[in-house]
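Sequences listed follow chains A and B, in order.
If you count the first sequence from 1, position 13 lands on 13 in this note's numbering, and the numbers rise without skipping.
For any residue, its number in this note's numbering is found by taking its place in the second sequence, counting from 1, and adding 276.
Ideal Cβ placement from N, Cα and C applies to all residues, glycine included.
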Amino acid sequence: MPVDTDAAVIANRRLSSDYNVLSFDAPDLAATVRPGQFVMVKTSRGLDPLLRRPFSVFEVLRDADGRALGFSIFNKSIGAGTRLLSEMESGARLNILGPLGRPFEPVDPPADAWMIAGGVGLAPFVTLAEALVARGTRATLFYGARRGEELYCVGLFEALGVRIVLATEDGSRGVHGRITAPLEEELRARPLGQPVKLYACGPTPMMHACADLARAHGRACDVSLEQVMGCGLGGCYSCVVMARTGEGAPPHHTRTCIEGPVFDASRIVWGSLAGH
Amino acid sequence: MDFSVSIGPLRLVNPLIAASGCFGYGVEYADVVDLASLGGVAVKGLFLAEREGHPPPRIVETPAGMLNAIGLQGIGVHRFIAERLPELRERRATVIVNICGTTLDEYVEVARILSDAEGVAALELNISCPNIKEGGITFGCSLPGTHQVVSAVREVTHLPVIPKLTPNVTDVASFARAAEDAGADAISLVNTFLAMAIDVDTRRPKLSNIVGGLSGPAIRPIAVRMVYECRRAVKIPIIGMGGIAAAEDVLEFMIAGANAVQVGTMNFVDPFVWNKLLTGLHAYMTRHGIERLADIVGTVDTSAREKAWISS
């Protein structure tokens, strides 16, 4: 059951001109977050911007004893609401509803977990990485961006012992090209007897490519979809994606907020998504 | 203090109804809202069969409002009765079913089926959705069409019949009269205003359906005016709506002539809005020494303004 909280901003860590990490004091909400879940953030006190914005929970913030104190979101300034969030100062209070949505299911050993992130799609993977590490699953982060300086927060994953594979489109850091290239190479090289599950979040073409690669190599793949959301609770039907409900079932408009944001990639009709 | 209101034969515990299309089938909100504490729950519009609706993008935010073109995605009347109505009944919700049709026969058929179902309190006739081409709004934009569909449904149901009017007409009061003449128990208004938003970089419409319906606080003053006009035109109860975000807005609609109100878009913004509205109504009644909330309906005092107008 989601918590409605007026959360105080405790830090706004600027990563670049358009990216920032915003931390909130919200122990009740943070205590119940599962990996890959999201929150709905009201970016203004008034009526403009009107609607809340969905954000993956980026980090769960804990004290020395491991008690949840709050959480952070990974924000990219792209419009009116996200711009307000990029300028938010410590002490400001924002209304936040969550946690919401279907979480990732972390795999257990002996399976490995490969997380594939593109750009702002890094957001749901810190919580997943923590859950994977906690159960002893070996985790790898494949992380791509246009330029080296747009690869943020890699240290959070290194600190957890996650293996890192980077790629940039301009070749300034890691592999030159798209992140799906090293992913494909590793999928090819991996013996079928060694189980691995893929988790992808990023631009639609990247997730589509991951879904295709996973299918071609007989691996399971979950994707975390980001759709325009009105309410986050299943009321407005704005965040739908064409998805199959089961084996052989015809695809239909499925609400990302309550049946996702995490979906089995093989259920998604990729051609129906924006960005294609 | 008495918050209850009457909509024809229907008694509501308070005037706050969740608006159709903004509250799913009600059950989605059962975790965050006590459905029995609402005056009513108007569920998402139902056709006879399931519908997929329009492809995304289906909503776009606008100043103090939003456009939507969902296209009435829905599970159809049969699945609603089998899969959603039992839980709504169990949670003691006052269920107002919003019904749709592409033809007159479909409205009648859906109404007939729901009249036999247990746990339906009233039927709201959707003759005003701007987002579907066939049926629906073609009835709502024609006086004979409005009369025809209301009469036809009236004939086949014992349930209160509440046509939901579109604001996309020149004279909404004449449509209120047509509904009243045809035997409607009440009317609800307004549905959304047909509107459009364009991405100037791509020069493409922001909605897949090109146009959509504008809702939210941006439309409230127009909706209040329309409720006021309808109050002067008909005797039947009016359910007012359009951008209600605070108790003052509920009161404004009621004073203009609404017997009850629906809250739609703001439920997306704040699913806990209901308690805040009730608290605000309570404070207002205390401040003004009002015992029965229903006593304020239609009490807008225009006398001083009219006098000033005449003497100027």
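Among the options, nearest to residue i - alpha-carbon criterion
i, options, result
"Pro497(B)", "Arg327(B), Ala340(B), Glu385(B), Leu569(B)", "Ala340(B)"
"Val384(B)", "Ser282(B), Gly395(B), Arg430(B), Ile514(B)", "Arg430(B)"
"Asn444(B)", "Glu304(B), Leu286(B), Val510(B), Ile495(B)", "Ile495(B)"
"Pro109(A)", "Glu247(A), Ser224(A), Gln194(A)", "Gln194(A)"
"Met242(A)", "Leu343(B), Glu328(B), Glu528(B)", "Glu328(B)"
"Gln227(A)", "Glu185(A), Cys221(A), Cys239(A)", "Cys239(A)"
"Val196(A)", "Ala111(A), Ala216(A), Val165(A), Cys221(A)", "Ala111(A)"
"Leu465(B)", "Leu288(B), Ser296(B), Gly284(B), Val396(B)", "Ser296(B)"
"Arg67(A)", "Thr168(A), Asp48(A), Thr32(A)", "Thr32(A)"
"Val526(B)", "Leu435(B), Glu567(B), Lys552(B)", "Lys552(B)"
"Leu156(A)", "Arg173(A), Glu149(A), Thr127(A), Gly171(A)", "Thr127(A)"
"Thr140(A)", "Glu150(A), Met115(A), Pro124(A)", "Met115(A)"
"Gly136(A)", "Trp270(A), Pro106(A), Gly46(A), Leu47(A)", "Pro106(A)"
"Met88(A)", "Ile10(A), Ala220(A), Gly119(A)", "Ile10(A)"
"Arg93(A)", "Tyr143(A), Leu22(A), Leu183(A)", "Leu22(A)"
"Gly260(A)", "Pro205(A), Asp28(A), Cys201(A)", "Cys201(A)"
Per-residue contacts from residue i into chain A (C-beta, under 8 Å)
i, result
"Glu528(B)", "Those within 8 Å of Glu528(B) in chain A number zero; the least Cβ separation is about 15 Å."
"Asp307(B)", "Met1, Pro2"
"Ala295(B)", "What Ala295(B) touches in chain A: nothing, since even the nearest Cβ is about 10 Å away."
Boundaries (first-last residue) of the alpha helix (DSSP H) holding residue i
i, result
"Phe220(B)", "The requested residue 220(B) is not part of the displayed model; chain B covers only 277 to 588."
"Lys320(B)", "Taken as a continuous stretch (DSSP letters only), Lys320(B) belongs to no alpha helix (DSSP H), being part of the beta strand (DSSP E) at 316-322."
"Arg355(B)", "352-355"
"Thr555(B)", "549-564"
"Met229(A)", "Here Met229(A) belongs to no alpha helix (DSSP H), and DSSP marks it neither H nor E."
"Ala523(B)", "523-532"
"Gly377(B)", "Note, Gly377(B): premise wrong, no alpha helix (DSSP H); not H, not E."
Neighbour list for residue i in chain B, Cβ cutoff strictly below 8 Å
i, result
"Val240(A)", "Gly329, Pro332, Arg334, Gln349"
"Asp48(A)", "Pro339, Ala340"
"Ile258(A)", "Glu304"
"Gly76(A)", "Reading the sequence as shown, one finds Lys at residue 76(A) and not Gly. Within chain B, no residue comes near Lys76(A); the closest Cβ sits about 17 Å away, beyond 8 Å."
"Arg93(A)", "What Arg93(A) touches in chain B: nothing, since even the nearest Cβ is about 15 Å away."
"Gly230(A)", "Ile335, Met342, Asn344, Phe544"
"Gln227(A)", "Pro332"
"Ser272(A)", "Pro331"
Residue i classed as buried or exposed, judged by whether at least 16 other C-beta atoms fall within 10 angstroms
i, result
"Glu158(A)", "exposed"
"Ala64(A)", "exposed"
"Met229(A)", "buried"
"Ala521(B)", "buried"
"Ile346(B)", "buried"
"Asn75(A)", "buried"
"Pro420(B)", "exposed"
"Gly161(A)", "exposed"
"Thr338(B)", "buried"
"Pro250(A)", "exposed"
"Gly234(A)", "buried"
"Pro513(B)", "buried"
"Asp571(B)", "exposed"
"Pro103(A)", "buried"
"Ser72(A)", "buried"
"Val549(B)", "buried"
"Arg53(A)", "buried"
"His423(B)", "buried"
"Lys511(B)", "exposed"
"Ser282(B)", "exposed"
In DSSP terms, what residue i is bridged to
i, result
"Ala200(A)", "Ile116(A), Val223(A)"
"Lys583(B)", "The partner list for Lys583(B) (beta bridge, DSSP) is empty, contrary to what the question assumes."
"Asp25(A)", "Ala8(A), Gly70(A)"
"His208(A)", "Per DSSP, none; premise fails for His208(A)."
"Lys482(B)", "Note: Lys482(B) sits in no beta bridge, so no partner."
"Val133(A)", "DSSP output for Val133(A) lists no bridge partner at all."
"Ile438(B)", "Glu400(B)"
"Pro261(A)", "Arg102(A)"
"His253(A)", "Met242(A)"
Chain-ordered chain A contacts of residue i [CB-CB under 7 Å]
i, result
"Pro493(B)", "Leu47"
"Ala521(B)", "Leu47"
"Cys298(B)", "Gly235, Cys236"
Per-residue contacts from residue i into chain A (C-beta, under 9 Å)
i, result
"Ala358(B)", "Ordered by position in chain A, no residue passes the 9 Å Cβ test against Ala358(B), which lies about 17 Å from the chain."
Range covered by the beta strand (DSSP E) that runs through residue i
i, result
"Met242(A)", "240-244"
"Gly341(B)", "341-344"
"Thr5(A)", "3-14"
"Met517(B)", "514-517"
"Ile78(A)", "Counting along the chain, Ile78(A) falls outside any beta strand (DSSP E), and DSSP gives it neither H nor E."
"Ala455(B)", "Ala455(B) -> not in any beta strand (DSSP E); alpha helix (DSSP H) instead, spanning 448-457."
Chain B residues whose Cβ lies nearer than 7 Å to that of residue i
i, result
"His253(A)", "Glu328, Gly329, Gln349"
"Arg52(A)", "Val545"
Contacts that residue i makes with chain B (C-beta to C-beta distance below 9 Å)
i, result
"Lys42(A)", "Val545, Asp546"
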